[in-house]
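These protein sequence lines map, in sequence, to chains G and H. Read in the numbering used here, the first sequence has 331 at position 331, and its numbers run on one by one without any break. To convert, take the position in the second sequence, counting from 1, and add 1000; that gives the numbering used here. Notes to accompany the following structure.
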Amino acid sequence: MNTLEATGQGMGVLQRLKLDGWLLVWLMLLISAGLAVLYSASGGSGDVVLFQVSRLLIGLGLMLVLAQITPRFMARAAPWAYGTVLILLVLVLLVGEEGGGARRWLDLGIRFQPSEFAKLAAPLMLAHFFHSSRDRPGFLKTLAALALIVAPVILVTQQPDLGTAVVIGCFGFIALLLAGINRKFIYGGATLLFLAIPALWVSLRDYQRQRILSLLNPESDPLGAGYHIIQSKIAIGSGGAFGKGYMQSSQAQFGFLPEPTTDFIFSVISEEFGFVGVVVAMLLFIAVAVRMLQIALAAQGRFSRILAASLAIGFFFSFALNAAMTTGLLPVVGLPLPLISVAGSANVTFLAGFGILMAIRSDRRYLAR
Amino acid sequence: MTIRPNSEQVEEGTLVRRATYMVFLLGLLSLVLLARLSYLQLTQYGYYAGQALGNQVQGRKVPPRRGIILDRNGEVIVGNQAGFRLILVPEQVDNLTATLGRLAQSGILNPEGQSELIDFSRGSQPFEAIPIRTRLSDELVARFAVVRHRFAGVDIEGLLLREYPLGAAGAHGLGYVTAVSAEDKERLDPAQYAGIPHIGKTGVEGSYEDYLRGMAGSERVVTNAYGRPLSRTRELEPEPGADLFLSIDRSLQTEAYDAMDSRRGAVVAIDPNDGGVLALVSSPAFDPNDFVSGMNRDTFAELNRNTDRPMFNRAVRGAYPPGSTIKPMLAFSALTSGHREADQTINCWGSFRLPGSRRVFRDWKREGHGAMNLHDAIAQSCDVYFYQLAHDINVEGLHDSLVQFGFGTPTGVDVAGERAGIVPSRAWKRANFSDPAQQRWFPGDTVVAGIGQGYLTVTPLQLAQAVAQLAMRGRRYKPRLVEAIRDPLGGNLVRMPPVQTGTLAPEAAEHWRTVVDSMVAVVHGPRGTARATGAGLDFRIAGKTGTSQVTALPQDDTQVPEEVEERFRDHSLFVAFAPVHEPVIALAVIVENGGSGSGAAAEVASRLLDTYLAGNAPPDRVAQAQ
């Protein structure tokens, strides 16, 4: 684990900044590759890349700051952070900016999506909620934890932003499962969820239902709801084994692929670099996730372990959801590819998560034990 | 590390176990993703690569240049003009009605006629571009360019539009083209008409459609998602249509239409030496340019409702009683068959009565012409002389002599829709009347046919052909408009040799001279029916007037033409050729309800002959001859 720290003086700098060398290496590789892909996907737009860089720098700065904070302090601050995010989510519904039929944005000098922060706030809150108790959580405690998850999820579905709500729920549930809730609750919950599917279906909006149906048979409406999936699959499939080459994505350049810089940037990678390139990208995401898991398993204390493991699994899960969506395995719900898509708030949140991971890793007090 | 399992360590064991499950699940998900990616990118690569290419590259037809049409002097009388039109691809338009509405708001489309466009788009394939406005002005092209991004599926297309510089004057001879309609497509070979925007409908445009059309080429067009072309690659060059060289004389054609001055009637002028049609005019007419870019329904309905029938080609389809214009032909036949001698005289007292009948056939001149030989009878158009002549040669002789001059059968001209006219006979009457009382041929039927009345009808074209035959002293050529076709690729001019369709009594030079002299006397003789016209002519011509009754007028002729309702007035006819000895032009003019042949029709004819001869004939001026 400490291979990099052991070598040379440079690692001493990392040590002093409390940054994790391996995680930083994988992140930088991912981010640089992502910026290169973004330049191509945006049709060679320097503006888009600059915007992305600015947001990534904010995230990296936040990562650096969070890396200095002890997990103990984080645990204490968790309820405040969680409460702030809830307030922001309520504000979004009240005074948020509308765009494309949804209220997702808040403009407080800088425009951002509070729902993205909830991805971090939910596991943080749950880790805090469970770290004090040494016992397996009982029924009431589990119910209370569920409420903590459901609160931001419901607020986000009201925007509406189904994709983000699902991911927030997932982050929360991962934390809940890791906290060791009784298996009975897991099975019971799963059964309830299954039974609730008809009710959920009815509560979905028309376009959301359309997207799920179009996944099953995209060709039924090639110019309507199925268009995104069809064009994305064409982009990916036409990339072949080795791809069309950098800046050669005809699907993106000629405007056939919708949202090439945001939700469907994975398709651009697949089209330009082919199967080989997309496997390399996957390996980079896996490398990040594996390093995160290593940190999580080495961490001491329930709070740190639950939080770190949730973030690690949640990060890879976010990647997998986006990839599954663009390859037509899951409905199109509008999720960014972590660190690659143009999605300022999401990227800042992910980078903040890495900061938390790094703080946990360098928490000497726990390590010393 | 673990010495004594406490509850915290139990919980941490749970965490590790559950984390392991989750990692296992994520690994499984990664494998599914890998499988999916390899399916899409490796197994299905060929399919999706094709789809990606199909997204961008579309095969399009490139319309060929339609052959142009030139007159006998090499002037373009039907051409192509580069223009722009606005097209719309229905499948690329979200809401057709709204899009058309917004285009109208922007001042690019007329608010009217939108429902027609919507109807039309329903009848065509959604991926086929439909023209929504043709002949865009430069200003409209510029205006659309500014707002183009707001109209996905709407674009400007450059194309060649048919242009008819002669306008209405050439309408019936040259014909017109229209957009290929849905009905056309059902009827025609789709391979030949793929990518062909227009089809020739009538006249030369219709008859020579196969030559003029050409073959569409094809190209690959790379487009973006909004259908905008980014680059083009020619796969097959379009093959232009063949150019046609006509015998039509542009200025004569225009002059003839102008001379008709919107009156109902027709003018056909022929070069008697080869049958080349110099002018073929039906009046009134329509502007063929209106058909090219799609005529609106009202204009079309108005054209069809008009009682003057501007869409009707009188020159080849109008069947008229020829009146006295056939007297020279009948006279020639009587001379050759021995029924008449040139100097044999018949006394004309103003009327004719069949032996044993009380029915009176009147001469146009009440008091009669007196003693008439054949020459005077033609020059003064004595009806009694020809009543007697017809009676003498009888129905069979009459029929044969008219058929010799090409009446009763279509001439075979290269303009579609020609009528045959009627040369009546006993057999014809039997076949065409149901009432047994009327199926009999009466001697009176023969008598009125002698002055070109009764059942006898001819087309202006047939009349011109017969006059041309007189001019050529018996040689008859099939009338035709197209003299040569220029091969579009090699540029070779393929000339079409004249087709001689008859030779009548070439040995009877004496008889020809007699008849032609009498026709000269019609115009230039002291008592000729058209001597007033002759007085104003620069050139010596041979002619014949004709006045044909629309319906049999009451036999007491107290009515003067002005009092008869306009539509019941006589048709005015005039036929002529010139120069008398080496003729270059033969023509027939008919002005419906124009009154006497020496009036309206002779005026038109003399105007045309003077114009044409001034430029085209060896001098045979009136002054020199006298």
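Beta carbons are placed, not taken as given, at the ideal position from N, Cα and C, and that holds for glycine. The structure presented is a predicted model; accordingly, all values stated were derived computationally and were not measured.
Same chain, Cβ closer than 8 Å to residue i, five either side skipped, listed in chain order
i, result
"ALA1104 of chain H", "ASN1110, PRO1111, GLN1114"
"THR1558 of chain H", "At THR1558 of chain H, the pLDDT of 46 sits below 50, so the modelled position is not reliable and the matter cannot be decided from this model."
"GLY96 of chain G", "ARG103, ARG104, TRP105, LEU106, GLN159"
"TRP1364 of chain H", "SER1381, ASP1383, THR1547"
"TYR1211 of chain H", "GLY1067, GLY1241, ALA1242, LEU1244, ILE1485"
Reduced DSSP secondary structure (H/G/I, E/B, other) of residue i
i, result
"PHE319 of chain G", "helix"
"TYR945 of chain H", "Here chain H covers residues 1001 to 1626 and nothing more, so residue 945 of chain H does not appear."
"ILE149 of chain G", "helix"
"GLN1626 of chain H", "The predicted model places GLN1626 of chain H with a pLDDT of 37, which falls under 50 and marks its position as unreliable, so this point remains unresolved."
"SER232 of chain G", "helix"
"CYS1348 of chain H", "strand"
"MET247 of chain G", "coil"
"LEU357 of chain G", "helix"
"THR1459 of chain H", "coil"
"TYR39 of chain G", "helix"
"HIS1581 of chain H", "coil"
"MET28 of chain G", "helix"
"GLY99 of chain G", "strand"
"SER1137 of chain H", "coil"
"VAL280 of chain G", "helix"
Given residue i as reference, the closest of the options once Cα atoms are compared
i, options, result
"VAL1584 of chain H", "H:VAL1423, H:THR1611, H:HIS1391, H:LEU1188", "H:THR1611"
"ALA1509 of chain H", "H:HIS1581, H:ASN1055, H:PHE1539", "H:HIS1581"
"PRO1488 of chain H", "H:ALA1035, H:GLY1241, H:GLN1058, H:GLY1206", "H:GLY1241"
"ALA1471 of chain H", "H:GLY1450, H:GLY1452, H:HIS1399, H:LEU1587", "H:LEU1587"
"HIS1172 of chain H", "H:GLY1067, H:LEU1136, H:SER1283", "H:SER1283"
"ALA77 of chain G", "G:VAL49, G:VAL90, G:LEU120", "G:LEU120"
"PRO1579 of chain H", "H:VAL1467, H:GLY1546, H:ASP1570", "H:VAL1467"
"LEU213 of chain G", "G:GLY61, G:MET358, G:LEU330, G:LEU94", "G:LEU330"
"THR349 of chain G", "G:GLY44, G:GLY314, G:ILE181, G:ARG361", "G:GLY314"
"GLU1592 of chain H", "H:PHE1577, H:LEU1608, H:ALA1602, H:LEU1573", "H:LEU1573"
"GLN1041 of chain H", "G:VAL166, G:VAL276, G:LEU108", "G:VAL276"
"ARG1065 of chain H", "H:GLY1594, H:GLY1013, H:SER1518, H:GLU1239", "H:GLU1239"
"ILE230 of chain G", "G:SER304, G:THR327, G:TRP201", "G:THR327"
Paired residues, beta bridge with residue i - DSSP
i, result
"ARG1162 of chain H", "H:ASN1080"
"PRO1131 of chain H", "H:ILE1087"
"HIS1571 of chain H", "H:SER1548"
"MET1215 of chain H", "H:GLU1239"
"THR1233 of chain H", "H:ARG1220"
"THR1503 of chain H", "H:ARG1475"
"HIS1198 of chain H", "H:ALA1179"
Beta carbon of residue i nearer than 8 Å to that of residue j
i, j, result
"LYS63 of chain G", "PHE354 of chain G", "This sequence places Met at residue 63 of chain G; Lys is not what is there. Against a cut-off of 8 Å, the Cβ pair of PHE354 of chain G and MET63 of chain G comes out as a contact."
"PRO258 of chain G", "PHE264 of chain G", "yes"
"ALA299 of chain G", "ALA308 of chain G", "yes"
"VAL1277 of chain H", "VAL1267 of chain H", "no"
"ASN1373 of chain H", "ASP1343 of chain H", "yes"
"ARG1085 of chain H", "GLU1157 of chain H", "yes"
"PRO1321 of chain H", "SER1548 of chain H", "yes"
"ASP1071 of chain H", "LEU1246 of chain H", "yes"
"LEU56 of chain G", "ILE87 of chain G", "no"
"ALA1464 of chain H", "ALA1269 of chain H", "yes"
"GLY1536 of chain H", "VAL1522 of chain H", "no"
"GLY1502 of chain H", "ARG1476 of chain H", "yes"
"LEU1029 of chain H", "ALA241 of chain G", "no"
"LEU1244 of chain H", "ALA1279 of chain H", "no"
"GLN1056 of chain H", "VAL1292 of chain H", "no"
"VAL1154 of chain H", "THR1097 of chain H", "no"
"ILE306 of chain G", "ALA127 of chain G", "yes"
"HIS1391 of chain H", "LEU1354 of chain H", "yes"
Beta-carbon contacts of residue i that lie in its chain and below 6 Å, excluding the five residues immediately before and after
i, result
"GLY334 of chain G", "GLY163, ASP263"
"SER1106 of chain H", "VAL1147"
"ALA41 of chain G", "ALA252, PRO260, THR261, ILE265, VAL268"
"LEU1117 of chain H", "ILE1132"
"GLY180 of chain G", "ARG136"
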